[in-house]
Amino acid sequence: MAEVATYTGKDIQVLEGLEPVRKRPGMYIGGTGKAGLHHLIKEVVDNAVDEATNGYASLIEVTLHSDSKSISVTDNGRGIPVDMHPKKKIPTLQVILTTLHAGGKFDGSNYITSGGLHGVGSSVVNALSEELVATIKRGGKKYTQTYKRGKPTTKLKKSKETVRGTGTTIFFRPDADIFGKIEFDAEWIKDYLEVKTYLNGSLKILFRDEVNKQKYEFYHEGGIAEYLEHLITSNNTRVVHPEAFIVRQAEIEGGQRAEIALQWSESPKERIESFVNGIPTPDGGTHVQGLRDAVRSAIRAYMDTHDLMPKKLDLNADDIREGMIAVVNLFMVDPQFQGQTKDKLNNPEARSLMVGAVRLELEQFLNAHPTTGEAIATRVIQAAKARLASRAAVSSVRRKTSLSHRLTLPGKLADCSSTSPSESEIFIVEGDSAGGSAKQGRDRKTQAVLPLRGKVLNAEQATLQKVSANKELSNIVQALGCGLGEKMNLAHLRYHKVILLMDADSDGHHISTLLLTFLYRYMRPLIDEGYVYIAQPPLYRIDAGKETHWALDDSDKDKIIKKLQSKRKNINIDIQRFKGLGEMMPATLRETTLDPEKRRLLQVAIADTDKLTTETVISELMGKDASARYTFIMEHASEVEELDV
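Per the numbering used here, the sequence shown starts with residue 1, numbered consecutively.
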């Protein structure tokens, strides 16, 4: 039997001073990797920014020294107090740098709002530094004190000469015994500092990168409005409305205030950059929840008031916030963060504070800018439709197991012999007659043909039940083999070219549009990955002597005739107009439309900048509301030379 170890008072360790920090650094900076190392910069810079936020400083200078292992941070604030502390009987500077939970931010008398609230930031940096030098300018004198691993190595020294100005400089070199390899990331420091100037429009920050011999100056007078513009540009997306919603320094209560900037974009996700007293909160918190509550309430109220809410369309909060890009900076007197790294705000009251600061302001903004309000409402409706269509498609796939692993091919499909999707292509053809010509003219090894019967269902107007029951659309899904909606698996796609082959007349264009609407709404990845094409069969055959030319449309025909006549004035030209693909001999169809060496194909693609426009066009021209179609027809009626009926 093992000997029982004694457990008495002598086994209890009491860590004095800054020993707890060196013993368990992860409790204070989150870890000793790159993030923990750079957290030291945050602690020192945030103290300097607090001086600026409370109106005592306007300039911060940060230097990454040439050894790449040490940092200096200088501000022109008031300077850390250097007088003797009344209780500790040592200089106040030494108390701040060697004692946990010592600082001037607890009672709110010196700092109304601040990022450093726990009183451990400076002392933690000191504890984890091989060397730290504090230089203070205050009362016309300069004071200096040096530390090693949290303990002073010199007394506080006062300069004899008089100096101008006030401020604090902290030089520190992190301890390799704690962090191992010491190497600061200049790019990270640069980005971090620039964000600080976006959040403090009157603050200028100079960054000297002595390692790469670079110098940067950051000053963004536009504040968070300018930051929002930067996020949109860097996100490489297009905004839905040109004018952003901005709330600057909104007073809430008790000296607390909020700054908010937001705008809707075509991005499929929301992005919220949140801060409390200028401190990034990447994990959000109650202030972000409050912003989301306010946005949801304001948008719903605006849409209800102006009768913009479609009947039977169930909007949820995600639909409303899809594409929203926002910046929120809440200034609180006593924020309660989750952990010393301050990644998340926990104050319950912050949620209602944000709702009060944003909801009514946003609703009034929308009412004052109806064009913006309607653009956002359209974006919200589109998000809801896309979500419901995707969910419906997933449900349909689950019901139809034949569309997944046990593939059932439609009886009308004339398949190709190749089993390699990369070399296989399928022609979706209008009618049995055209399908017969295509089957005879195709390359049986790589080209499959699927005939459709007449005009297919308009997927934009039909219910899921009708779409699922439609024989023609079901045949397409079965032939392609990759399923529908979010559960689409392009690895099961049987053809890497899906080619719509319709007559070159108005009926053919209409059928192509109906098919594209179905593919866009239910099989969108096919378009996004570049698998969908539109064939370009000729509408006219033009014979001039021994030459034969093929014209896609009337405009193409006129150009060919003009070119022929310019070469020979009295040339005999014979023009034949095809009424449909079924009229073409298989050899002609192959030569003009099927042969990869001679044919012309249009690849269907949606540029990132055109996504919202595409959604709007399909919703308006293919949806149940006929007013947009009527307007379009009336505007373009004069362009129609011949109508097939």
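Built from N, CA and C at the ideal position, the CB exists for glycine as well. Bear in mind that the values here come from a model prediction, so they are computed numbers and not experimental data.
- At the C-beta level, Cys416 and Ser422 stay beyond 7 Å of one another.
- Burial of Met622 is indicated by the presence of at least 16 other C-beta atoms within 10 angstroms of its C-beta.
- Within the segment 117-190, complete beta strand (DSSP E) segments of at least 3 residues are found at 129-138, 141-148, 167-174, given in chain order.
- Burial check for Lys497: the Cβ neighbour count within 10 Å reaches 16 or more, so the residue is buried.
- Taking 7 Å as the cut-off, the Cβ atoms of Thr168 and Gly79 count as close.
- With 16 or more other Cβ atoms from the protein chains shown falling within 10 Å of its own Cβ, Lys342 counts as buried.
- Fewer than three pairs of CB atoms, one per stretch, sit closer than 8 Å, so the segment 137-146 makes no contact with the segment 175-184.
- Of the other Cβ atoms in all chains shown, fewer than 16 fall within 10 Å of the Cβ of Asp83; this residue is therefore exposed.
- Rounded to the nearest angstrom, the Cβ distance from Ile476 to Leu450 is 7 Å, consistent with a contact under 8 Å.
- Bounds of any beta strand (DSSP E) do not take in Leu514; it lies within the alpha helix (DSSP H) bounded by 506-522.
- Contact between the segment 360-379 and the segment 233-241 is present: 3 or more CB-CB pairs across the two stretches fall below 8 Å.
- By a beta-carbon distance limit of 8 Å, Gly441 contacts Leu589. Their separation comes to about 4 Å.
- If the five residues before and after Thr517 are omitted, its C-beta is found closer than 8 Å to the C-beta atoms of Asn458, Ala459, Glu460, Ile618, Met622, all from its own chain and listed in chain order.
- Per DSSP, the continuous alpha helix (DSSP H) segment holding His39 begins and ends at 34-53.
- In the DSSP assignment, the residues bridged to Ile426 are Ala448, Val498.
- Residue range 71-75 is occupied by the beta strand (DSSP E) that includes Ile71.
- Here DSSP, grouped into helix, strand and coil, assigns Lys215 to strand.
- By alpha-carbon distance to Arg164, the top candidate from Asp554, Leu156, Lys137, Phe184 is Lys137.
- Excluding five sequence positions before and after Ile428, the CB atoms of its chain that fall closer than 6 Å to its own CB belong to Leu450, Leu500, given in chain order.
- By the C-beta density criterion, Ile60 is buried, having at least 16 other C-beta atoms within 10 angstroms.
- Taking each of Glu221, Ser122, Val195, Asp185 in turn and checking the Cα distance to Phe172, the smallest one comes out for Ser122.
- Here the C-alpha atom of Phe245 lies approximately 12 Å from the C-alpha atom of Ile376.
- Segment contact: the segment 530-540 against the segment 601-609, three or more CB-CB distances shorter than 8 Å; contact assigned.
- Non-local beta-carbon contacts of Gln565 in its own chain, meaning distances under 6 Å to residues more than five positions away in sequence, are absent.
- For Gln603, the enclosing beta strand (DSSP E) stretches over residues 601-603.
- It is roughly 13 Å from the alpha-carbon of Phe207 to the alpha-carbon of Phe184.
- About 5 Å separates the beta carbon of Arg359 from that of Ala298, a gap short enough to meet the 8 Å contact definition.
- Straight-line measurement puts the Cα of Ala535 at about 23 Å from the Cα of Lys471.
- Judged by DSSP in its simplified three-state form, Ile90 adopts coil rather than helix or strand.
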